[in-house]
């Protein structure tokens with residue numbers, strides 16, 4: 008279900024390293040963990056997303072003959088290495104936090120255990136998938152927190168960074184609690200509810216705005232949402248009131264209007280009043296245009312009479328924080344814990360588990376331990392793939408429910424778009440000892 | 008050459024509008040223009056990029072039977088409309104600024120002329136492709152301006168927003184003057200030079216750093232670039248000096264070292280000194296980690312002895328300006344100019360041409376006129392597709408040359424990463440008259 012399945016979608020150094028691993032017999036079992044080093048300043052927590060596409064990528068991982076030919080020729084790679092690549096499959100194990108799990112800095116959300124060469128080769132694409140969907144789910148959930156109970160539709164495909172970004176943003180934001188998307192292909196691939204209205208061109212190509220509204224309504228009698236800001240918004244709202252009785256006679260209700268520009272608060276108030284005075288109290292008001300969680304908070308805080316929002320560009324690009332500082336790092340090789348101590352980019356050694364400790368139904372703190380230690384609390388990492396086979400597939404509804412349930416158990420101070428003091432994440436004594444033994 | 012070719016990669020409203028167009032016979036010829044409303048605060052100019060992928064998309068545009076089946080069922084669309092979609096091809100004309108052209112706010116960079124329904128349907132994906140590649144080329148050229156003559160390699164695939172973003176970022180940054188990319192698939196698809204070193208895992212899986220360096224060098228004797236910041240950077244640089252004679256005896260030169268963390272200026276100076284004192288004056292220094300045009304300017308301004316840079320996350324996400332405020336708007340329908348006057352999002356009516364006026368070999372100003380008027384200067388929009396067929400394909404080398412030549416003719420005040428007073432773009436009297444006739 009990923010758009011691009013080529014095994015060459017990786018960094019060159021992965022292939023040159025793998026060649027050296029193979030040359031020197033470095034093919035023992037390795038474990039890599041993926042984590043986010045620091046939360047962005049504007050995020051109190053993150054939402055794990057993208058695992059389904061990662062597992063699909065691993066199941067399908069193989070080089071095509073065309074790719075191998077090209078690589079052998081262009082890189083002058085030895086035939087024995089090409090044969091090694093030809094036979095390569097992902098037959099390893101994966102543990103992960105299920106999608107919809109909330110997590111914090113330094114907590115591993117995914118662990119790959121496989122022979123070193125293949126565990127290395129899959130790094131680039133795993134990060135590419137997981138960081139983006141996690142980024143978007145973590146942004147989208149803030150919109151949900153900012154506009155509780157409102158209709159939220161993902162609108163960002165056109166300014167998402169390419170096709171796959173648009174598809175994954177639709178999926179990740181739906182996972183995070185959005186009502187649906189405008190992205191038709193995402194609707195087909197991921198079974199996400201679709202929403203749409205009309206664009207300015209529809210109005211522009213008519214000589215009279217009223218004719219545009221009538222034409223659209225008669226073509227889509229069950230879902231009449233009219234765009235009213237092409238020229239003069241209040242005038243268009245009055246036109247809506249004027250044509251409503253005509254359509255009513257034909258059995259057509261005007262379900263809503265959309266405003267896409269200008270001062271949304273001011274315009275929404277004017278339009279609401281015009282509609283109400285015209286007897287269209289049930290016609291809803293939908294708005295779009297440069298929206299994000301900050302603007303939603305502002306608009307709803309000022310009492311804007313808006314029932315639904317299309318959130319696009321700033322969501323799909325996660326505009327205030329366009330990337331996560333994440334890494335996929337070797338934590339164990341040939342049975343021995345591994346770490347790195349690069350300045351500002353150090354990693355913790357050993358395969359890890361994360362436990363979440365609840366008190367009175369509320370998450371109090373997380374504890375990172377080595378994977379085989381018991382601990383109080385609920386373990387968050389679960390086995391999701393064994394010997395290259397997925398263990399189970401969860402329906403999207405389960406992911407949405409998980410996120411909702413976890414949000415409900417989050418400390419209220421974090422359940423807001425305001426920056427909050429960090430949630431406590433403890434590192435177990437065993438990990439600290441391992442680290443001091445290795446760095447000492 | 009796009010990753011995703013489905014015609015359903017669009018917004019739902021495009022399909023609902025098209026259905027209404029067809030219902031009401033609104034199938035005359037329409038022209039839409041794509042432009043950027045405002046330059047981002049941190050950009051003095053933009054670089055047109057992505058046209059090749061747009062034209063490929065238009066040539067291949069069609070609905071599959073599977074897509075039509077799904078759409079008919081899930082949207083309850085009438086059979087006549089499904090038949091219309093089944094037969095739909097893009098057989099229109101396209102004018103555009105060739106890739107590598109510099110442009111400014113409000114200037115159309117692409118014009119599509121085709122029957123209204125199809126010109127409408129292709130909007131979403133055209134913006135999706137053009138805005139991202141233009142965004143990245145416009146960011147990458149700033150890195151080139153900030154680090155003239157240095158080796159610049161695009162490193163961002165892992166934190167790009169999905170697969171296609173990674174591929175398009177490699178292409179757009181190469182177009183803008185980068186030396187190459189780490190993205191192997193981009194190398195294959197777009198014939199871009201590939202670069203790569205090693206990752207920390209390669210060092211971590213060895214017991215001794217020196218062994219890791221020796222193993223890597225012996226596997227890749229022609230391209231030895233060693234990553235020296237896994238544990239202690241100066242110590243690793245001394246290790247490089249120690250093993251150099253061993254490798255020399257085997258006929259292997261250490262071409263370079265890479266630093267990926269810490270204070271790059273300080274570390275680069277220490278490492279340069281250690282290498283020079285060890286006789287490795289020809290071993291180059293390559294760095295990466297949180298780089299962008301601002302950091303490059305800072306490092307090189309302080310005299311950092313760094314020969315090449317891997318620029319990744321902040322380039323591929325265009326982190327300081329993660330999107331362009333661009334639009335694709337109807338400018339003419341059935342032979343009549345069209346506009347919209349939405350607050351803050353007004354558009355200029357009529358098919359347009361942009362002329363660039365040079366004086367003493369330097370670009371002085373641009374003039375936007377109606378497409379059929381003559382004007383002083385050089386016209387920037389050219390016919391690139393006629394009746395659905397591409398007119399010519401340009402090799403990447405020509406695009407890179409065009410950009411270089413245009414940069415050389417740009418006023419020096421704009422040819423910097425410092426914000427400069429805007430380049431003058433004039434609107435012709437004809438367009439102003441058209442606008443005042445329509446709004447008046």
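Protein chains in written order, with the numbering used here: chain A, 8 to 447; chain B, 8 to 447.
Ideal Cβ positions, reconstructed from N, Cα and C, are used throughout, including at glycine.
If you check each beta-carbon in the stretch 275-292 of chain B against every beta-carbon of chain A, none falls closer than 8 Å. Contact residues of the stretch 117-144 of chain A toward chain B are 123, 127, 131, 134, 135, 138 and 139 (C-beta to C-beta distance below 7 Å). If you draw a 10 Å sphere on the C-beta of residue 171 (chain B), you find 16 or more other C-beta atoms in it, and that means buried. Residues of the stretch 149-176 of chain A with a C-beta atom less than 7 Å from some C-beta of chain B are 164, 165, 166, 167, 168, 169, 170, 171, 172, 173 and 175, listed in chain order.
Short of 8 Å from the beta carbon of residue 131 (chain A), and not among the five residues preceding or following it, lie these beta carbons of its own chain, in chain order: 16, 17, 18 and 21.
Residue range 332-340 is occupied by the beta strand (DSSP E) that includes residue 334 (chain B), with no alpha helix (DSSP H) assigned at that position. Our two residues, residue 440 (chain A) and residue 296 (chain B), have alpha carbons roughly 29 Å apart in a direct line. For a cut-off of 8 Å, the C-beta gap from residue 149 (chain A) to residue 300 (chain A) is around 4 Å, short enough to register as a contact. The CB of residue 329 (chain A) comes closer than 7 Å to the CB of 324, 326 and 329 in chain B, given here in chain order.
Comparing alpha-carbon positions, the option among B:332, B:270 and B:66 lying closest to residue 111 (chain B) turns out to be B:332.
Partner residues in the beta bridge of residue 366 (chain B), as assigned by DSSP, are B:369.
By a beta-carbon distance limit of 8 Å, residue 204 (chain B) contacts residue 234 (chain B). Their separation comes to about 6 Å. Going by DSSP, residue 44 (chain A) is part of no alpha helix (DSSP H) but of the beta strand (DSSP E) stretching over 36-45. The beta carbon of residue 99 (chain A) is closer than 7 Å to those of 119, 120, 121, 125, 126 and 395 in its chain, skipping five residues each way along the sequence.
None of the residues of the stretch 41-71 of chain A has a beta carbon lying less than 7 Å from any beta carbon of chain B. Per DSSP, the unbroken alpha helix (DSSP H) holding residue 90 (chain A) starts and ends at 86-94.
Sorting A:414, A:370 and A:39 by C-alpha distance to the C-alpha of residue 115 (chain A) places A:39 at the top. Leaving aside the five residues that flank residue 320 (chain A) on each side, the residues in its chain whose CB is nearer than 6 Å to its CB run, in chain order, 163 and 166. For residue 291 (chain B), the enclosing beta strand (DSSP E) has its first and last residue at 291-295. Within the stretch 147-194 of chain A, the beta strand (DSSP E) runs of at least 3 residues that lie entirely inside it are, in chain order, 158-161. According to the DSSP assignment, residue 241 (chain A) belongs to no beta strand (DSSP E) but to the alpha helix (DSSP H) extending over 240-256. Pairwise C-beta distances place the stretch 233-253 of chain B in contact with the stretch 268-281 of chain B, as three or more of them are shorter than 8 Å.
Within 9 Å of the CB of residue 205 (chain A), the CB atoms of chain B belong to 20, 23, 24 and 27, in sequence order along the chain. Close to residue 30 (chain B), with beta-carbon spacing below 8 Å, are these residues of chain A in chain order: 222, 225 and 226. In the same chain as residue 373 (chain B), and ignoring 5 residues on each side of it, the C-beta atoms closer than 6 Å to its own belong to 361, 363 and 432, in chain order. Residue 269 (chain A) places its beta carbon 8 Å or farther from that of residue 232 (chain A). Judged by DSSP secondary structure, residue 220 (chain A) falls within the alpha helix (DSSP H) whose first and last residues are 216-226.
Interface residue (Cβ-Cβ distance to chain A less than 8 Å): residue 208 (chain B) is classified as such. For chain A, the residues of the stretch 245-273 of chain B that bring a beta carbon within less than 9 Å of one of its beta carbons are 267, 268, 269 and 270, in chain order.
Boundaries of the beta strand (DSSP E) around residue 433 (chain A): 432-434. The CB of residue 295 (chain B) never comes closer than 8 Å to any CB in chain A; the least such distance is about 11 Å. Spatial neighbours of residue 74 (chain A) in its own chain (CB-CB distance under 7 Å, excluding positions within 5 residues in sequence) are listed in chain order as 13, 14 and 15. Taking 8 Å as the upper bound for CB-CB distance, residue 154 (chain B) and residue 316 (chain B) are in contact here, some 6 Å apart. The beta carbon of residue 136 (chain A) sits closer than 6 Å to those of 57, 60 and 61, all from its chain and outside the five residues before and after it, given in chain order. A straight-line Cα-Cα distance of about 34 Å links residue 106 (chain B) and residue 206 (chain B).
As computed with DSSP, residue 119 (chain B) is found in a beta bridge with B:39 and B:101.
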